[in-house]
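Engineer:
Protein chains: 2
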Amino acid sequence: MKGKTTIYDIAKKLGITAATVSRALNDNSRISKATKKLVLETAKEMNYEPNKLALALKKGKSNNVGVIVPYINRNFFSSVIRGIEEELYPKGYNVIISQSHESEEREKEIVNNLMNAQVEGILMSLSKSTNKTAHFNQVLSKNIPLIFFDRSLNIAGVSSVTIDDFQGSYKATQHLIGQGCKRVAHMTVGKELGIYRQRFDGYKQALEDNDLPFDDNLVVELKSDIEEGKQAAQKLMNLQDPPDAIFSSTDHGALGAIKWLQGNGYSIPDDVCVVGFSNEPFTQFMELSISSIDQSPLEMGKMSAKVFLEQIKDKKVKIEKKVVLSPKLIIRDSSSKHIVPNKKAN
Amino acid sequence: MKGKTTIYDIAKKLGITAATVSRALNDNSRISKATKKLVLETAKEMNYEPNKLALALKKGKSNNVGVIVPYINRNFFSSVIRGIEEELYPKGYNVIISQSHESEEREKEIVNNLMNAQVEGILMSLSKSTNKTAHFNQVLSKNIPLIFFDRSLNIAGVSSVTIDDFQGSYKATQHLIGQGCKRVAHMTVGKELGIYRQRFDGYKQALEDNDLPFDDNLVVELKSDIEEGKQAAQKLMNLQDPPDAIFSSTDHGALGAIKWLQGNGYSIPDDVCVVGFSNEPFTQFMELSISSIDQSPLEMGKMSAKVFLEQIKDKKVKIEKKVVLSPKLIIRDSSSKHIVPNKKAN
DNA sequence: TTGTACGCGTTATCAG
DNA sequence: CTGATAACGCGTACAA
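Respectively, the protein sequence lines represent chains A and B.
For the first sequence, full-length UniProt numbering assigns the number 1 to the initial residue and increments by one for each residue that follows.
For the second sequence, full-length UniProt numbering assigns the number 1 to the initial residue and increments by one for each residue that follows.
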């Protein structure tokens, strides 16, 4: 019972040849109705299932795509992956996932490994520490579609699906200003990643467009970390001229800030308005729900998958598609001053 | 530039045969130091990478394992997957993930598909609606390790890694009683899944062991849903003899309950103590943090992977391992009455 | 130590 | 319409 039944088995049983069986199974035109029916029946009867490995070796197509994210158990990434899987599963593709742990070395290794596994495409979010791009040459030169999502880098031949971080940031800042805030602080993350740079730029631009001065003291850098968010808030509020709003590039930073503010007698949003980024699930659950920027990870995943499918369709044509999704500002308690009474009920 | 360099290419270049190249690459003993070195050098020079598909077909080993979960973007499942990936990656396995969407039909399809893809093992959490187990026969009969995690079913030949849901539930209830609560309500989920049945049993047993009466009115069934949690809380508190504690089988149910209670003048934990289940990230972030049962998903994933590795090691021996992890009760604000003043500072 | 020949399961290209 | 044969890339008895 070990070995699966092969087309050869069923050929032998029927006294015909494996080639004929193959044809019957593949709706080949050059086959008689009768034998086709016969083959199909006995195939079912013998529980025949095609060996995808053999097929893969033969065709040079594995029906696998590789997905690389820093960590899979981060809500944003797992949601993107969900989108990818749901789009690709109906098309017969299997999704192989790996985690780079934000390490360029590991990312390199994984890309290598995926290429050996003959994946038909790689969909990934760059690791924070990735500087060099040499490890992508092998995949591009082999004409394997490479798609970056969220964290992208401008490389010839690679497509990308991102959100407009600048715009999201701009919207958030604009919203805070619209709430009457005059001194908007910004919590950012190390600028290794372009996305944080763009969020910073969006923030700055919104200030400028509203004739508000940019103050270096109001910008503080931290990791996406609650503890650091607390410290940052403390630092900001202890300034001579403290902010009346905080826009954080991460929800965790925003959360930390809120916790510190609440613990130190500040009223939110009346004293300080806060907006985060990412729309992590917890932001809506809080008693004081947190305003945030939604990145629509599911759509990002689906879109990435679609771009892949498009690209795989005709590989002769070199497509390089840059999709930029629009972020949505979700206004919640943490930034809703009761200026317009009927604007919010909760 | 399309085709990869094969051992045949490098053999031709060196004027030797592919077999020799293969031997050199595989540390075979029967080869001279000189040619071995030569081969290795030119292999590197030509950017040779083994084609895993060919290798897989040859050996009947794909180096892939399949992982099936209901939805990948649920914190618990994505954390388990993280554990699995981190344990298996160093061993050279790739992780293929699929989502059952809680549908037996889809689960069946996926199992089939994974078998065709020649995976070397399947690690999965059953879908809620799975009743029949016929689709597992093919994997067991082919001697492919099948490991259930979290949601399990007793099938001969399949290993499982679960937590002791009974114990977790017992601990939670015991804790509530220890806080002085006399009427502990329980929110459960449809008993299609054994885990919720066991949680119910643990709850009941704890009551019994503390000489507290079991009251059917205090048990309400809902999905893991905030809205339903609210309704359930309302229903419970409107009883003639309302509860002074709620133990919910899910964190989302607990959250809903808390939101309703807070919105209706109840004080937590003074009027009502609440404990959830799963230790979702948001439970610790709330201003009023929520007590919960931690299921250590990461360890569950790692353990599942280890069981798989053990099983694959010698396939002659039929191993059937049942690992039961101990859940941890995490006591937070929502159930910490200020009985012992110095017990909690926050 | 190396070469020869075959097989893994499938499809494709020839003939017939 | 069907059968024989080669090929996908690799590993490995067997022979030399």
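Note that beta-carbon positions come from the ideal geometry of N, C-alpha and C, so glycine has one too.
None of these values were measured; they are calculated from a predicted model.
Let me confirm a value: B/E265 is counted as buried when at least 16 other C-beta atoms fall within 10 Å, else exposed. Which label applies?
Structural biologist: This sequence places Gly at residue 265 of chain B; Glu is not what is there. Exposed, by the Cβ-count rule.
Engineer: Counting Cβ pairs closer than 8 Å, one from the segment 33-45 of chain A and one from the segment 59-74 of chain A, do we hit at least three?
Structural biologist: They do not touch, by the three-pair rule.
Engineer: If contact is defined by three or more beta carbon pairs under 8 Å, each pair taking one atom from either stretch, is the segment 287-294 of chain A in contact with the segment 309-321 of chain A?
Structural biologist: No: fewer than three Cβ pairs fall under 8 Å.
Engineer: Closer than 6 Å by C-beta to A/K321: which residues in its own chain qualify, once you throw out the five before and the five after it? Chain order, please.
Structural biologist: Answer for A/K321: S159, V307, listed in chain order.
Engineer: On the DSSP bridge list, what partners appear for A/Y67?
Structural biologist: Inspection of the sequence shows that residue 67 of chain A is occupied by Val rather than by Tyr. Paired residue(s): A/I97, A/L123.
Engineer: Could you please give me the residues that DSSP links to B/D294 through a beta bridge?
Structural biologist: DSSP lists B/S278, B/K328 as partners of B/D294.
Engineer: Using a beta-carbon distance below 8 Å, is A/E104 in contact with chain B?
Structural biologist: Closer than 8 Å: no.
Engineer: Please decide whether A/N116 counts as near chain B, where near means a Cβ-Cβ distance under 8 Å.
Structural biologist: Yes, A/N116 counts as interfacial toward chain B.
Engineer: Mind pulling the chain B residues with CB within less than 7 Å of A/E45?
Structural biologist: Residues of chain B passing the Cβ test: none, with the nearest at roughly 15 Å.
Engineer: For A/T250, tell me which candidate among A/S336, A/T130, A/A172 has the shortest Cα-Cα distance.
Structural biologist: A/T250 has its Cα closest to that of A/A172, out of A/S336, A/T130, A/A172.
Engineer: Under 8 Å between C-beta atoms, does A/Q295 make it to chain B?
Structural biologist: For A/Q295, the answer is no, since every Cβ of chain B falls outside 8 Å of its Cβ.
Engineer: Kindly say whether A/M187, judged by its beta-carbon, lies nearer than 8 Å to any beta-carbon of chain B.
Structural biologist: For A/M187, the answer is no, since every Cβ of chain B falls outside 8 Å of its Cβ.
Engineer: Does any residue of chain B have a CB that is nearer than 8 Å to the CB of A/N75?
Structural biologist: Interface residue, yes.
Engineer: Can you list the residues of chain B that A/V95 reaches, using a CB-CB cut of under 8 Å?
Structural biologist: Neighbours of A/V95 on chain B, chain order: I96, I97, S98.
Engineer: For a contact meaning CB atoms closer than 7 Å, what does A/I163 contact in chain B?
Structural biologist: Correct list: empty, because the minimum Cβ distance to chain B is about 17 Å.
Engineer: Do B/L146 and B/L140 have their C-beta atoms closer together than 8 Å?
Structural biologist: In contact: B/L146 and B/L140 (Cβ atoms closer than 8 Å).
Engineer: Assign A/F214 to one of two classes, buried (16 or more other C-beta atoms within 10 Å of its C-beta) or exposed (fewer than that).
Structural biologist: Label assigned to A/F214: exposed.
Engineer: Check this for me: beta carbons of A/G66 and A/I155, under 8 Å apart or not?
Structural biologist: No, these two residues do not count as a Cβ contact at 8 Å.
Engineer: Beta-carbon within less than 8 Å of B/A185's beta-carbon, same chain only, minus the 5 sequence neighbours each way: which residues are those?
Structural biologist: For B/A185, where only same-chain residues beyond five positions count, the Cβ hits under 8 Å are L218, V219, V220, L236, P243, A245, I246, F247.
Engineer: DSSP on B/L146, reduced to helix/strand/coil?
Structural biologist: In this structure, B/L146 counts as strand in the three-state DSSP scheme.
Engineer: From what residue to what residue does the alpha helix (DSSP H) around A/S169 run?
Structural biologist: Its alpha helix (DSSP H) spans residues 165-178.
Engineer: Nearest chain A C-beta to B/Y89 closer than 8 Å, yes or no?
Structural biologist: Answer yes: the Cβ-Cβ gap between B/Y89 and chain A drops below 8 Å somewhere.
Engineer: So with Cβ pairs under 8 Å, would you call B/I10 a contact of chain A?
Structural biologist: Cβ-Cβ to chain A under 8 Å: no for B/I10.
Engineer: Quick test of your reading: A/S98 and A/I81, contact by CB under 8 Å. State the CB separation rounded to the nearest angstrom.
Structural biologist: Contact doesn't hold; Cβ gap of about 11 Å is too wide.
Engineer: Leaving aside the five residues before and after B/N143 along the sequence, list all residues of the same chain whose C-beta is less than 7 Å from its C-beta, in chain order.
Structural biologist: The answer, listed in chain order, is K315.
Engineer: Measuring straight from C-alpha to C-alpha, what distance separates A/G276 and A/I331?
Structural biologist: Answer to the nearest angstrom: the Cα atoms are 10 Å apart.
Engineer: When the Cα atoms are used, what is the spatial distance from A/L207 to A/A56?
Structural biologist: Spanning the two alpha carbons is a distance of roughly 55 Å.
Engineer: Can A/V95 and A/E107 be called in contact, C-beta distance under 8 Å?
Structural biologist: Their beta carbons are not under 8 Å apart, which means A/V95 does not touch A/E107 by this criterion.
Engineer: Taking DSSP as the reference, what is the three-state secondary structure of B/Y8?
Structural biologist: Correct three-state label for B/Y8: helix.
Engineer: Quick one: Cα of B/A19 to Cα of B/S29, how far?
Structural biologist: Each residue's Cα considered, the two are about 13 Å apart.
Engineer: Is any heavy atom of the ligand SAM found at a distance shorter than 7 Å from the C-beta of A/S304?
Structural biologist: Judged by which ligands are present, the structure shown has none, so any question about the ligand SAM falls away.
Engineer: I think A/P269 touches A/K191, with their Cβ atoms under 8 Å apart; what is that distance to the nearest whole Å?
Structural biologist: So it is not a contact: roughly 28 Å between Cβ atoms.
Engineer: Relative to the alpha-carbon of residue 360 of chain B, which residue among B/I177, B/P327, B/V189 has its alpha-carbon at the smallest distance?
Structural biologist: Given a span of 1 to 346 for chain B in the structure shown, any question on residue 360 of chain B remains unanswerable.
Engineer: Grab the span of the alpha helix (DSSP H) containing A/A185 for me, first residue to last.
Structural biologist: Taken as a continuous stretch (DSSP letters only), A/A185 belongs to no alpha helix (DSSP H), being part of the beta strand (DSSP E) at 184-188.
Engineer: For B/S335 and A/K91, what's the separation of their Cα atoms in angstroms?
Structural biologist: Cα to Cα, B/S335 sits roughly 49 Å from A/K91.
Engineer: I want to verify the contact list: residues of chain B whose CB lies under 7 Å from the CB of A/A56, in sequence order.
Structural biologist: Simply L53.
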